[in-house]
Amino acid sequence: MDITTNKEELLAEFQDLAKLFGNHEISISHEEVDLDGKIINKFHVNGENEYETSYDYSKQLTPLAKKSLRKRQAKVALYDLLSKLTNKTLPWGSLTGVRPTKLARDLVESGQIKDFMVAQVLENTYRVSKEKSRLTAMILKNQKCIIRNDNLVDLYVNIPICPTRCLYCSFISNELAKVKDKVDTYIDCLLKEIEAVKKIVAKKAYIIRTIYIGGGTPSVLTAKQLDRLLDSLTFPVGEFTVECGRPDTITAEKLDVLKKHNVTRISVNPQTFCEATLKRIGRNHKNKEVLEGYSMALERGFKVNMDIIAGLPKEKLGIFKRTINTLIDLSPENITVHTLSVKNGALLKNDTSDLSENEVEKMVSYAEKLLLENGYKPYYMYRQKHQLGGLENVGYFRNDNVCIFNIDSMEETNSVIAVGAGAMSKRVFNGERRIERQDNVKFVEDYISRIDEMIEKKINFFS
Ligand SMILES: C[S@@+](CC[C@H](N)C(=O)[O-])C[C@H]1O[C@@H](n2cnc3c(N)ncnc32)[C@H](O)[C@@H]1O
Ligand code: SF4
């Protein structure tokens, strides 16, 4: 068997892991020897530190199972070495490039472990901290709505337009001022793509489980534009979310339009309740606007999600605690706690140097503790590259109000038909545990000029 396959892929994962230890210059060489039943992993870090581990494997393993075992063992070995050299542990241990809940579910569903063993296995096998292993096990328990049925699909509509650009954001989104004269044509194209989706749904006998209009900031559209878009989304669903993330875009008229079209859930995102930080991150809203948007949403019976970010520039633990405490007082049905990730696409560069990783960890732990004490439960989680402290984003719910779309899409248990610029459709073949993806062009202008091609690709993809 060729044990050198995917060496580059493995080295890239080693580098990602090494970066989490805070050393970007680290050079790693790795050698693996297969002794027909036993594998020896040898590492050299910065040409000096040598480390060797070995393990036995069953010769009955399929090539895929063996590949995954080798990768896991090599990463754990490297983690142990770096942990020893730096005298540091990581919250998610050796895990990079994988959603912890997805990994845990795969282990349970494939019969390798029972669900009560999740926390213990993550801790012992992958070096995940006690706190994060427990969090993963809790989340798994709260994902009871998962139904692996290839005909049950979610619909996503992307509005990659925002009032202005927040400094920390790396999502591809256009400032409204730059595309204002194209928005109506963009909606025309969306309507055309949605008509094609209706044909796909009918032909494949799909059932649309949830609808999610995200972005960007869909509430940047005028009430009239929202009305036109929502008029076309006639699928009868129990969960229909529209992100109204930027409170400065919310008006009573727009919320009335959403209500008229049976939207059930919206986001009103404070990110922080410190107005000095809001200014610093280029988010021009005031706390008053969050409170007004929230109360207008409650008056109309919407379930509300609120997003916040731990680790925003110059925010210390005390400020973050005040944000969480305010959220608890407001008690929306969903709260999503993100950890700042500063990616290349963001305008914000190194404005976080005054913040120790330890402090961000304390913020995230404080949020978890307070939310749990106040009746919230975690229900979905994902990690991104460059998140401070190698931490994660976690969605919490109360009163059984999980967002099914978030679970389906993060856990990749159901297909997603996604329309609009930058939208990524996904076909999940549950029987074969296989996923295929298809993306639309990213920019609004390209999407408009290539709409027929997008539609054709979508029809082929789902045929
Ligand atoms: C795709 S954004 C859309 C939401 C909406 N446009 C808004 O800003 O309120 C979803 C969420 O991701 C989070 N987010 C965006 N950029 C982030 C970053 N660089 N690090 C951590 N979280 C981020 C924010 O909390 C944001 O509300
Ligand atoms: S954080 Fe939200 S509002 Fe800000 S630029 Fe990104 S997508 Fe737009």
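When you line the sequence shown up against the numbering used here, it's residues 5 to 467, in that order. Heads up, the beta-carbon is just placed ideally off N, CA and C, and yes, glycines get one too.
Give me the residue from Met121, Arg131, Leu159 with the minimum Cα distance to Leu144. Nearest C-alpha to Leu144: Met121.
Burial state of Pro164, where buried means 16 or more other Cβ atoms lie within 10 Å: Buried.
Compute the distance between the beta-carbons of Leu85 and Phe47, then report whether it is under 8 Å. A Cβ-Cβ contact shorter than 8 Å links Leu85 with Phe47.
Could you check where the alpha helix (DSSP H) with Met121 kicks off and where it finishes? Here Met121 belongs to no alpha helix (DSSP H), and DSSP marks it neither H nor E.
Can you list, in chain order, the stretches of the beta strand (DSSP E) that have 3 or more residues and sit fully within the region 369–442? Within the region 369–442, the beta strand (DSSP E) runs of at least 3 residues that lie entirely inside it are, in chain order, 381–386, 397–401, 420–423, 428–433.
For Val161, which of helix, strand or coil comes out of DSSP? It is a strand residue.
Check whether the region 231–243 touches the region 172–182, counting contact only when three or more Cβ pairs, one atom from each stretch, lie closer than 8 Å. Using a C-beta cut-off of 8 Å, the region 231–243 makes no contact with the region 172–182, since fewer than three inter-stretch Cβ pairs fall below that distance.
When you compare only the Cα positions, how much space is there between Val80 and Ser33? Approximately 15 Å between the Cα atoms of the pair.
For Thr8, collect the residues of the same chain with a Cβ closer than 6 Å to its Cβ; drop the 5 residues on either side in sequence, then sort them by chain order. Note that Thr8 scores a pLDDT of 43, beneath 50, so its modelled location is shaky; the value from the coordinates is reported in the next line. Cβ neighbours of Thr8 beyond the five flanking positions: none.
If you follow the alpha helix (DSSP H) that Ala227 is part of, which residue opens it and which one closes it? Here the alpha helix (DSSP H) through Ala227 covers 227–235.
What separation, rounded to the nearest whole angstrom, lies between the Cα atoms of Val445 and Asn162? Cα to Cα, Val445 sits roughly 12 Å from Asn162.
Does the Cβ of Thr221 lie closer than 7 Å to at least one heavy atom of ligand 2? With a cutoff of 7 Å, Thr221 counts as near ligand 2, since its C-beta is closer than that to a heavy atom of the ligand.
Ala108 - DSSP class collapsed to helix/strand/coil: Here DSSP, grouped into helix, strand and coil, assigns Ala108 to helix.
Return yes when at least one heavy atom of ligand 2 lies under 7 Å from the C-beta of Arg284, else no. No - ligand 2 has no heavy atom lying nearer than 7 Å to the Cβ of Arg284.
Is Phe306 near ligand 1, going by C-beta to nearest heavy atom under 7 Å? Between ligand 1 and the CB of Phe306, the shortest heavy atom gap is not smaller than 7 Å.
Under the rule that 16 or more other beta-carbon atoms within 10 Å means buried, what is Phe433, buried or exposed? Result: exposed.
Indicate whether the contact test is met: 3 or more Cβ pairs, each with one atom in the region 298–312 and one in the region 251–262, closer than 8 Å. Yes: the two stretches touch, three or more of their Cβ pairs being nearer than 8 Å.
Quick check: what's the CA-CA separation for Leu156 versus Ser419? Going by C-alpha positions, Leu156 is about 7 Å away from Ser419.
Quick check on the burial criterion: 16 or more other C-beta atoms within 10 angstroms. Buried or exposed for Met428? Exposed, since its Cβ has fewer than 16 Cβ neighbours within 10 Å.
Taking the alpha-carbon positions, what's the Tyr370 to Lys92 distance? Looking at the backbone, the Cα of Tyr370 and that of Lys92 are separated by about 21 Å.
Can you give me the C-alpha to C-alpha distance between Gln147 and Gly394, rounded to a whole angstrom? Distance between the alpha carbons of Gln147 and Gly394: 24 Å.
Answer yes if the region 402–410 comes into contact with the region 119–136, meaning at least three C-beta pairs across the two stretches below 8 Å, and no otherwise. Output reads no: the region 402–410 does not touch the region 119–136.
Buried/exposed call for Thr238, threshold 16 Cβ in 10 Å: Counting the other Cβ atoms within 10 Å of the Cβ of Thr238 gives fewer than 16, which makes it exposed.
If you follow the alpha helix (DSSP H) that Ser137 is part of, which residue opens it and which one closes it? Under the DSSP assignment, Ser137 falls in the alpha helix (DSSP H) whose first and last residues are 134–145.
Extent of the continuous alpha helix (DSSP H) run through Val201: 187–208 is the extent of the alpha helix (DSSP H) around Val201.
Taking DSSP's pairing of strands, which residues face Leu180 in a bridge? Beta-bridge partners of Leu180 (DSSP): none assigned.
The beta strand (DSSP E) that contains Lys468, what's its start and end? In the structure as shown, the chain begins at 5 and stops at 467. Residue 468 is therefore absent and cannot be evaluated.
Cβ-Cβ distance between Ile312 and Leu331 below 8 Å: In contact: Ile312 and Leu331 (Cβ atoms closer than 8 Å).
Counterpart residues of Glu247 in DSSP-defined beta bridges: Beta-bridge partners assigned by DSSP to Glu247: Ser271.
Report yes if the C-beta of Ala350 is less than 7 Å from at least one heavy atom of ligand 1; otherwise report no. For Ala350, the CB falls within less than 7 Å of some heavy atom of ligand 1.
Exposed unless 16 or more other CB atoms sit within 10 angstroms - verdict on Ile4: The first residue shown for the chain is 5 and the last is 467, placing residue 4 beyond what the model contains.
Which partner residues does His289 have in the DSSP bridge list? BP columns for His289 are empty, so no partner.
Roughly how many angstroms separate the alpha carbons of Leu230 and Ser223, rounded to a whole number? Their backbone Cα atoms lie some 8 Å apart in a straight line.
Apply the 10 Å Cβ neighbour rule to Glu52 and answer buried if 16 or more other Cβ atoms are within range, or exposed otherwise. Glu52 comes out exposed.
Can you tell me whether Tyr59 sits near ligand 1, meaning its C-beta is under 7 Å from at least one heavy atom of the ligand? No, the Cβ of Tyr59 stays beyond 7 Å of every heavy atom of ligand 1.
Nearest-angstrom Cα distance between Gly286 and Glu440? Their Cα atoms are separated by approximately 37 Å.
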